[in-house]
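**Q** Protein chains in written order, with my numbering: chain E, 1 to 115; chain X, 1001 to 1166.
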């Protein structure tokens, strides 16, 4: 199962907050603060890092869980690139570097088997 | 495997007022739930909402009430809507599972007999944060059914989907 891009709406409803109130907490000014939160929740807008961290502070949930789908996607992409990197010949062989790349590349095969 | 805990399910309860919906990821994670009141041209609008829900939540399985079960009575309009939703889900290649009222009661109350309010109370205890504040007062003989019961109908279907759910 692919996670949803984010779980902002369910977390907001858990705290019984309105979109306008969350917008105010995020520091969005003007009449459109509720609209921006709505667009975040409907996957129509990707919040900035500042907003993502603010969401973490509001909902008390780590960003990787709030934006589970986005996190999975990023993790998959990094793992795929790590696989490519592991095939390249390294100029200086550093055991720590090799270990890190192999670990990242291993996640690509794990994620593929899950899907 | 259909009863794998790593599936997202969308439960839809088509009712006379509109729709109740619930989205769950595993037996203990209620992602979203709510109800949509629909006025005029109900079947077409309800089908549009179901389509919107399927596109938004991308469910692996669509759970619907079994309207042809022996213990179930439904209006002709709702039976037609039910058939249309099943056909629509088939087009979208979403698996459909039918859950009867008896199955919901067996799963949640542990017996085949029980009231809708008892089922709603069990669900509100199981999901106190999401459903606790939405539990309507017990219906008296002179009262109409509270619209919020649509939510509990849909969550009941979703909760009864997993065999281990109690």
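Ideal placement from N, C-alpha and C gives every residue a C-beta, glycine not left out.
Please classify residue 1038 of chain X: is it buried, with 16 or more other beta-carbons within 10 angstroms of its beta-carbon, or exposed?
**A** Here residue 1038 of chain X refers to the residue found at position 38 of the second chain. The residue is buried, with at least 16 neighbouring Cβ atoms inside 10 Å.
**Q** For residue 18 of chain E, which residues in chain X fall below 8 Å Cβ to Cβ?
**A** On the first chain, residue 18 of chain E is found 18 positions in, with the first residue counted as 1. Result: empty, since nearest Cβ-Cβ is about 14 Å, beyond 8 Å.
**Q** How long is the line joining the alpha carbons of residue 1159 of chain X and residue 1104 of chain X, rounded to whole angstroms?
**A** Mapped onto the second chain, residue 1159 of chain X falls at position 159. Mapped onto the second chain, residue 1104 of chain X falls at position 104. Straight-line Cα distance between these residues: approximately 8 Å.
**Q** Applying a beta-carbon distance threshold of less than 7 Å, which residues of chain E neighbour residue 1006 of chain X?
**A** For this step, residue 1006 of chain X is matched to residue 6 along the second chain. Chain E residues near residue 1006 of chain X: 1.
**Q** Would you please state the rounded distance, in angstroms, between the beta carbons of residue 104 of chain E and residue 79 of chain E? I believe it to be under 8 Å.
**A** In the first chain, residue 104 of chain E corresponds to position 104, counting from 1. In the first chain, residue 79 of chain E corresponds to position 79, counting from 1. The pair is a contact, with the Cβ atoms about 6 Å apart (cut-off 8 Å).
**Q** So, with DSSP's three-state summary, where would you put residue 1015 of chain X?
**A** Locating residue 1015 of chain X in the second chain gives position 15, where the first residue counts as 1. Here residue 1015 of chain X sits in coil by DSSP.
**Q** Can you give me, in chain order, the residues of the stretch 68 to 99 of chain E that have a beta carbon less than 8 Å from any beta carbon in chain X?
**A** The residues in question: there are none.
**Q** If distances are taken between C-alpha atoms only, which option among X:1147, X:1096, X:1139 and X:1146 comes closest to residue 1157 of chain X?
**A** The residue you call residue 1157 of chain X lines up with position 157 of the second chain. For the residues X:1147, X:1096, X:1139 and X:1146, the minimum Cα distance to residue 1157 of chain X belongs to X:1096.
**Q** Buried or exposed: residue 6 of chain E, going by 16 or more other Cβ atoms within 10 Å of its Cβ?
**A** In the first chain, counting from the first residue as 1, residue 6 of chain E sits at position 6. Residue 6 of chain E is buried by the Cβ-count criterion.
**Q** If contact is defined by three or more beta carbon pairs under 8 Å, each pair taking one atom from either stretch, is the stretch 1055 to 1074 of chain X in contact with the stretch 25 to 38 of chain E?
**A** No, the stretch 25 to 38 of chain E does not touch the stretch 1055 to 1074 of chain X.
**Q** Going by C-alpha to C-alpha distance, which of E:40, E:70 and E:74 sits closest to residue 19 of chain E?
**A** Position 19 of the first chain holds residue 19 of chain E. Considering only alpha carbons, the answer is E:40.
**Q** Over what stretch of residues does the beta strand (DSSP E) that includes residue 1032 of chain X continue unbroken?
**A** Counting from one through the second chain, the residue named residue 1032 of chain X turns up at place 32. Start and end: 1030 to 1037.
**Q** At 7 Å on the CB atoms, spell out the chain E contacts of residue 1032 of chain X, in chain order.
**A** Position 32 of the second chain, counting from 1, holds the residue named residue 1032 of chain X. Within 7 Å Cβ-Cβ: 9 and 10.
**Q** Is it the case that the Cβ atoms of residue 1098 of chain X and residue 1121 of chain X are separated by a distance below 8 Å?
**A** Residue numbering aside, residue 1098 of chain X sits at position 98 when the second chain is read from its first letter. Residue numbering aside, residue 1121 of chain X sits at position 121 when the second chain is read from its first letter. Contact: no.
**Q** Which residues in chain X sit within 9 Å of residue 14 of chain E, going by Cβ to Cβ distance?
**A** Along the first chain, one-based indexing puts residue 14 of chain E at 14. Per Cβ cutoff of 9 Å: 1129 and 1130.
**Q** Report the residue ranges of all alpha helix (DSSP H) runs contained in full by the stretch 9 to 46 of chain E; include only those spanning at least 4 residues, in chain order.
**A** Qualifying alpha helix (DSSP H) stretches, in chain order: 19 to 26 and 33 to 41.
**Q** When the cut-off is 8 Å and only beta carbons count, does residue 1028 of chain X lie next to chain E?
**A** As a first step, residue 1028 of chain X is located in the second chain; it is residue number 28 there, counting from the start. So, not an interface residue.
**Q** Just grab the DSSP bridge partners of residue 1025 of chain X for me.
**A** Residue mapping note: residue 1025 of chain X aligns to position 25 of the second chain, counting from 1. Answer is X:1008, bridged to residue 1025 of chain X.
**Q** Are the C-beta atoms of residue 1057 of chain X and some chain E residue less than 8 Å apart?
**A** Your numbering for residue 1057 of chain X matches position 57 in the second chain. Chain E, which has a Cβ nearer than 8 Å to the Cβ of residue 1057 of chain X, makes this yes.
**Q** Do residue 22 of chain E and residue 12 of chain E have their C-beta atoms within less than 8 Å of each other?
**A** Counted from its first residue, the first chain places residue 22 of chain E at position 22. Counted from its first residue, the first chain places residue 12 of chain E at position 12. A contact, by the Cβ cut-off of 8 Å.
**Q** Does any CB atom of chain X fall closer than 8 Å to the CB of residue 4 of chain E?
**A** The count along the first chain starts at 1 and reaches residue 4 of chain E at position 4. Closer than 8 Å to some Cβ of chain X, the Cβ of residue 4 of chain E qualifies, so yes.
**Q** Please state whether the Cβ-Cβ distance between residue 1018 of chain X and residue 1035 of chain X is less than 8 Å.
**A** Looking up residue 1018 of chain X in the second chain gives position 18. Looking up residue 1035 of chain X in the second chain gives position 35. Yes.
**Q** Helix, strand or coil for residue 1020 of chain X, going by three-state DSSP, please let me know.
**A** Taking the second chain and counting its residues from 1, the one referred to as residue 1020 of chain X is at position 20. Residue state, collapsed to three classes: strand.
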